[in-house]
Amino acid sequence: EAGVAQSPRYKIIEKRQSVAFWCNPISGHATLYWYQQILGQGPKLLIQFQNNGVVDDSQLPKDRFSAERLKGVDSTLKIQPAKLEDSAVYLCASSLEGLARGYFGPGTRLTVT
Amino acid sequence: EDKVVQSPLSLVVHEGDTVTLNCSYEVTNFRSLLWYKQEKKAPTFLFMLTSSGIEKKSGRLSSILDKKELFSILNITATQTGDSAVYLCAVRSTGNQFYFGTGTSLTVIP
Numbered sequence: 050e051a052g053v054a055q056s057p058r059y060k061i062i063e064k065r066q067s068v069a070f071w072c073n074p075i076s077g078h079a080t081l082y083w084y085q086q087i088l089g090q091g092p093k094l095l096i097q098f099q100n101n102g103v104v105d106d107s108q109l110p111k112d113r114f115s116a117e118r119l120k121g122v123d124s125t126l127k128i129q130p131a132k133l134e135d136s137a138v139y140l141c142a143s144s145l146e147g148l149a150r151g152y153f154g155p156g157t158r159l160t161v162t
Numbered sequence: 100e101d102k103v104v105q106s107p108l109s110l111v112v113h114e115g116d117t118v119t120l121n122c123s124y125e126v127t128n129f130r131s132l133l134w135y136k137q138e139k140k141a142p143t144f145l146f147m148l149t150s151s152g153i154e155k156k157s158g159r160l161s162s163i164l165d166k167k168e169l170f171s172i173l174n175i176t177a178t179q180t181g182d183s184a185v186y187l188c189a190v191r192s193t194g195n196q197f198y199f200g201t202g203t204s205l206t207v208i209p
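Chains A and B, in that order, are what the protein sequence lines are. Count along the first sequence from 1, add 49, and you get the number used in my numbering. Count along the second sequence from 1, add 99, and you get the number used in my numbering.
Dropping the structure here:
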């Protein structure tokens, strides 16, 4: 079974630049999550999709972050403009409604200089 | 406010020691509790617990849930250097949301 795919794996940008991350969940998984994990902390939920609808985006900094999930499959997360404090690993995860386990992708490590 | 609290934040032990990691939670509409191991990459799944008192076991790792007292423990016996990692506890709600703790960083010294 193919896992959750993410790209790029690493990205270095300067502050005020824009960046986009891509996630392809496991086939058939209706729920998709984007997490931000700052070094030394647990993952923090940014946004949760159920198919192509947003379930929870309460912790998404909407002035600079946006996410979409077209056709209920792939998803992109964008940051515009980036700040130094956005340096983190961005994890994508997906799950089936009936299963409690979340499957994680390898993550994208973002460094903002 | 829903929250998951893990303790200790970090732990250093010698190979062969036994460790116990703690996870307490306050999450409305609890569905399940999960343990993940995170090395220098994305978290990998260890256990999912839904019922109190039933121990889940995988090799040297075991975990149990107490839904009355709202906590779980993860035990690792005969630790090895390969057990060095951050161990994350997460609670899943019936709304399909995951709430993570900050993790326990375990270092096993040869």
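Ideal Cβ placement from N, Cα and C applies to all residues, glycine included.
#1: If you pair each beta-carbon of the segment 123-139 of chain A with each one of the segment 53-71 of chain A, do three or more pairs fall below 8 angstroms?
#2: Quick check: the Cα distance between residue 194(B) and residue 209(B), rounded to an integer number of angstroms?
#3: Check each candidate in 140(B), 171(B), 206(B), 176(B) and name the one with the smallest Cα separation from residue 189(B).
#4: Around the Cβ of residue 178(B), are there at least 16 other Cβ atoms within 10 angstroms (buried) or fewer (exposed)?
#5: Identify every run of the beta strand (DSSP E) within the segment 134-203 of chain B, keeping only runs that are complete inside it and at least 3 residues long; order them along the chain.
#6: What's the call for residue 116(A), buried or exposed, on a 16-neighbour Cβ count within 10 Å?
#7: So that I know if they touch, is there some Cβ in chain A lying closer than 7 angstroms to that of residue 141(B)?
#8: Give a yes or no on whether 7 angstroms exceeds the smallest Cβ distance from residue 169(B) to chain A.
#9: Rounding to the nearest angstrom, what Cα-Cα distance links residue 148(B) and residue 102(B) in this structure?
#10: Using a Cβ-Cβ cut-off of 7 angstroms, state whether residue 115(B) counts as contacting chain A.
#11: Could you spell out where the beta strand (DSSP E) holding residue 161(A) opens and where it closes?
#12: Per DSSP, residue 205(B) is paired with what?
#13: Listing by chain order, which chain B residues have their CB less than 9 angstroms from the CB of residue 80(A)?
#14: Under 7 angstroms between C-beta atoms, does residue 140(A) make it to chain B?
#15: Just to confirm before moving on: does the CB-CB distance between residue 106(B) and residue 128(B) stay below 7 angstroms?
By the coordinates alone:
#1: yes
#2: 43 angstroms
#3: 171(B)
#4: buried
#5: 143-148, 155-157, 160-165, 170-175, 184-192, 197-199
#6: buried
#7: yes
#8: no
#9: 17 angstroms
#10: no
#11: 157-161
#12: 110(B), 184(B)
#13: 195
#14: yes
#15: no
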